[in-house]
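Under the working numbering, the letters of the sequence shown match residues 22 to 244, in that order.
First up is the structure itself, then whatever we jot down about it.
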Amino acid sequence: MSEKGRIRRGIVFVLSAPSGTGKTTLTRRLLRRVPGIRFSVSCTTRSPRPGERDGADYHFVSPSRFACLRKRGEFLEHAEVDGAAYGTSRRRLERHLERGEDVLLDIDTQGAAQVRRRMRGSVLVFLLPPGPVALRRRLQRRGTDPAVLARRLGLALREITRCGRYDYLVLNDRLERACRDLEAIIRAERSRTRRQRGEATAIQQMFRAEARRSAPGNRRSDP
Ligand code: ADP
Ligand code: 5GP
């Protein structure tokens, strides 16, 4: 929604969950459905999985390039997960927010805590898997290597114990329902009074002007 001639700043939505819960699947579905929201493409030093595209899923960079970007302060947040580095570009994110686009960040709990501190008004959503059996099955279905699978299941417990720090919890048992819950959160956050002040003021001003025009003595038909 826009104020008179001014675009409202976009909202940062953070989505965290243990690897394999369904963040990528859910995000793709959500972005097809909800207008005005973009996916933040992170930088990572890990190798692409089959089907992942550079620039769309991640910006795949070398460890030395990542270190250089970090030293230059290019990252709003960054963290190491399972031996690889991940980070969110501050400049790209700002560009979207200034254009009034909301942005969805798929990042881990360490990164989410940094975003919370640095971006006032950010909204943190944690996606819960139904349980360890379902999570294992999902990771296996994605073709995860057994050694990686064991590590990621270990990390899952640590991530889940941090879910109480988030603004919203969404259970991903059924994908469609989880998508609808996430969509409802985005729409509700967009409707918050403090985010709509400019629009509300513009409408109040129109009503005041109309009241002045139609006040006795100001009406055209008045003698
Ligand atoms: P993440 O991005 O969180 O690591 P993915 O989106 O890659 O997870 O999902 C991991 C696997 O789980 C994929 O095979 C995906 O199809 C499957 N999946 C996602 N959500 C559900 C769900 N609600 N029920 C069953 N399988 C799911
Ligand atoms: P994966 O390797 O499975 O794609 O991601 C592993 C973990 O890294 C996930 O929890 C994912 O949310 C997280 N991640 C992806 N991008 C970023 C990022 O830019 N910053 C942080 N902190 N975590 C990220």
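We put the beta carbon where it would ideally sit given N, CA and C, even for glycine.
Excluding sequence positions up to five before and after D188, its CB lies within less than 6 Å of the CB of V144, L145, all in the same chain and listed in chain order. Annotation: A134 to L126 spans about 12 Å, alpha carbon to alpha carbon. Remark: the C-beta of L196 is in contact range of the ligand ADP, defined as less than 7 Å to any heavy atom. Boundaries of the beta strand (DSSP E) around I58: 58 to 60. Burial state of E73 is exposed, judged by a 10 Å Cβ sphere holding fewer than 16 other Cβ atoms.
When distances are taken from the beta-carbon of D188 to the heavy atoms of the ligand 5GP, even the shortest one reaches 7 Å or more.
Relative to F147, the option among R158, K44, F228, S212 whose CA is nearest is K44. Scanning the region 158 to 194 for uninterrupted alpha helix (DSSP H) segments of 4 residues or longer gives 167 to 181, listed from N- to C-terminal end.
Excluding the 5 residues flanking it on each side, V82 has same chain C-beta neighbours closer than 6 Å at C64, in chain order. Counting the other CB atoms within 10 Å of its CB gives E231 a total below 16, which places it among the exposed residues. Considering only P151, L174, L149, the residue with the shortest C-alpha distance to Q161 is L174.
Counting only unbroken stretches of 3 or more residues, the beta strand (DSSP E) elements lying wholly within the region 34 to 122 are 58 to 60, 63 to 65, 79 to 81, 96 to 102, 105 to 110, in sequence order. DSSP places G132 inside the alpha helix (DSSP H), whose first and last residues are 130 to 139. Between H99 and Y107, the C-beta gap is smaller than 8 Å, which places the two residues in contact. Linking L47 to A221 through their CA atoms gives a straight-line distance of about 33 Å.
For I32, no alpha helix (DSSP H) segment is defined, and its DSSP state is neither H nor E. Between the ligand ADP and T42, a heavy atom-to-CB distance of less than 7 Å is present. Within the DSSP secondary-structure output, D127 pairs in a beta bridge with L36. With a beta-carbon spacing of about 7 Å, R211 and I32 fall inside the 8 Å limit used to define contacts. Going by beta carbons, I58 and E122 fall inside the 8 Å limit.
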